[in-house]
Amino acid sequence: MADALAEKAQTDVMLQGSGAIRFKQLGPLVTLSDLMACFPFDESLTRFTVTGAQLRRIFAHIMRPENRTGEGECYQVNRGVRAVYNEAARKLESLEVGGAPVEDDRRYTLCLSTYHEKGAAEFLGLSAEEMRATGPSKTVATSLRDVLEEYLRNHQNIDAHVEGRLVYV
């Protein structure tokens with residue numbers, strides 16, 4: 001899901017809330033009713049501009065242990081993003097975007113659904129207002145479900161597997 005949304009949004013990082021995805025897998029044949037049942041929420045998608053330092057702050061927040069025990073929100077990330085979190089040290093060890101380490105002063109694009117934008121301060125540890133203050137934001141799609149439907153039509157016979165995008169050591 002995150003890959004499909006990232007492609008449409010032309011973004012560096014897509015954070016798709018895992019709670020919005022109601023099936024563990026789709027297929028081998030996916031009908032429109034399957035897609036609607038799997039992804040019952042139809043929201044907008046907004047692209048923000050953030051600094052590398054802000055991106056590190058977000059990943060440190062979403063990967064912390066408390067976030068995975070029901071206190072927070074878990075996310076899927078798009079291809080090209082790799083984050084390593086050290087459980088013992090409770091620290092983000094590394095973050096890469098597009099195969100390169102994230103640079104604190106560099107600008108990156110980050111996309112969120114409406115729900116996650118509205119709850120950004122709680123879910124990401126960085127408010128939507130802070131993200132808007134960093135650089136331009138833009139609504140890139142008004143229907144996430146339409147984006148996913150179009151993606152599946154144009155990418156038939158795709159196969160997903162675990163790639164180690166979010167790593168806990």
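Quick note on my numbering: the sequence shown kicks off at 1 and runs consecutively.
Beta carbons are placed, not taken as given, at the ideal position from N, Cα and C, and that holds for glycine.
Taking Val-167 as reference, the option from Ile-62, Thr-51, Thr-69 with the minimal CA-CA separation is Ile-62. Remark: C-beta atoms of Ala-128 and Asn-78 do not approach each other more closely than 7 Å. Non-local C-beta neighbours of Thr-11 in its own chain, meaning closer than 7 Å and more than five positions away in sequence, comprise Arg-47, Thr-109, Leu-110, Cys-111, ordered along the chain.
In the assembly as shown, Lys-91 is an exposed residue. Its beta-carbon has fewer than 16 other beta-carbons within 10 Å. With fewer than 16 other Cβ atoms from the protein chains shown falling within 10 Å of its own Cβ, Val-169 counts as exposed. Residue burial is scored here from C-beta neighbours: Gln-156 has fewer than 16 other C-beta atoms within 10 angstroms and is therefore classed as exposed.
About 23 Å separates the CB atoms of Ser-143 and Thr-49; that is not less than 8 Å, and the two are not in contact. Between Leu-148 and Ala-53 the beta-carbon gap is near 31 Å, outside 8 Å, which marks them as no contact.
Measuring C-alpha to C-alpha distances from Ala-100 to each of Val-81, Glu-117, Tyr-115 identifies Val-81 as the nearest.
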